[in-house]
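Chemist: Please find one structure pasted underneath; my questions will follow.
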Amino acid sequence: MMKNPRIREKEQAEVRQAYDKTGDVSESDLQELAYLKLVIKETLRLHPPLPLLLPGESMERCEINVYKIPAKTKLVFNAWAIGRDSNYWNEAERFNPERFINSFFSESKFISSSVDYKGTNFEFISFGAGRRMCLGISYGMAVLETP
C-alpha cells in the first residue's frame, strides 16, 4: 500500500467513512467496505499465505498441456507463480485491486467479480482448493476484513 498512494488513500477514505457513521464498525458496515475486499483479493493474489500449497496426489493418469502425469504422482502447486501468471492476469506484477471489479452501479458502489479465494477459480488459489483447502479460510478472512 505504501507503493500505491492512490489505492491507500481510496481505501482509507472508505474505512473512515464507515467509522464516521457511529464511531464503531458493525458487521453490516463491513459489507459496505467493498474496496477493502478488492484490496484483500489483490494482496492474496500477489502474496498468498503459502506460496507453495500442500502437496496433492493425482488420482488417475491425466494430461495438462504437454505434460503426461501418471496416477499417484505427488504434485505441488505454486500459488505465488499462478497469481503472477500473465496468461491469466493482465499486468500480472502490478498491484491493481480494480482488476476484480465486474461493473459499476449507483455512483460509488460496485459488484466484485466472481473470482474468489475459495478455490473454484484455479487462477486464484491463495488458500488452496478441493480437499486440501485451508480450514482457517473463514477465520482468516474475518480477521483481514475487520479494519
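By UniProt numbering, the letter at position 69 of the sequence shown is numbered 69, and the numbering carries on one by one without gaps.
We put the CB at the ideal spot given by N, CA and C, even for glycine.
Computed from a prediction, not measured in an experiment: that's the story for all the values here.
1. Pull up the CB-CB distance for residue 13 and residue 29, whole angstroms please, since I reckon it's below 8 Å.
2. What would DSSP say about residue 125, mapped onto helix, strand or coil?
3. Find out if the Cβ-Cβ distance for the pair residue 93, residue 84 is shorter than 8 Å.
4. To the nearest angstrom, report how far apart residue 55 and residue 20 are at their CA atoms.
5. Could you check which residue in 125, 143, 142, 139 has the C-alpha nearest to that of residue 50?
6. Alpha carbon to alpha carbon, how far is residue 128 from residue 119?
7. Which residues in the same chain as residue 70 place their Cβ atom closer than 8 Å to its Cβ, once the five residues preceding and following it in sequence are excluded?
8. Taking residue 145 as part of the alpha helix (DSSP H), name the residues at either end of that continuous run.
9. Report the residue from 36, 46, 139 whose alpha carbon sits nearest the alpha carbon of residue 91.
10. Residue 88 to residue 123, Cα distance in whole Å?
11. Which residues share a DSSP beta bridge with residue 56?
12. With DSSP as the reference, label residue 19 as helix, strand or coil.
Modeler: The structure says:
1. Contact between residue 13 and residue 29 does not hold, since the beta-carbon distance rounds to 14 Å and is not under 8 Å.
2. Coil.
3. By the CB criterion at 8 Å, residue 93 and residue 84 fall inside the cutoff.
4. Using only the alpha carbons, I get a separation of about 46 Å.
5. Nearest Cα to residue 50 within the set 125, 143, 142, 139: 125.
6. Inter-residue distance for residue 128 and residue 119 is about 6 Å (C-alpha atoms, whole angstroms).
7. If the five residues before and after residue 70 are omitted, its C-beta is found closer than 8 Å to the C-beta atoms of 58, 61, all from its own chain and listed in chain order.
8. Residues 137–145.
9. Nearest Cα to residue 91 within the set 36, 46, 139: 46.
10. Residue 88 and residue 123: Cα-Cα distance of roughly 7 Å.
11. Residue 56 pairs with 75.
12. DSSP places residue 19 in helix when its eight states are reduced to three.
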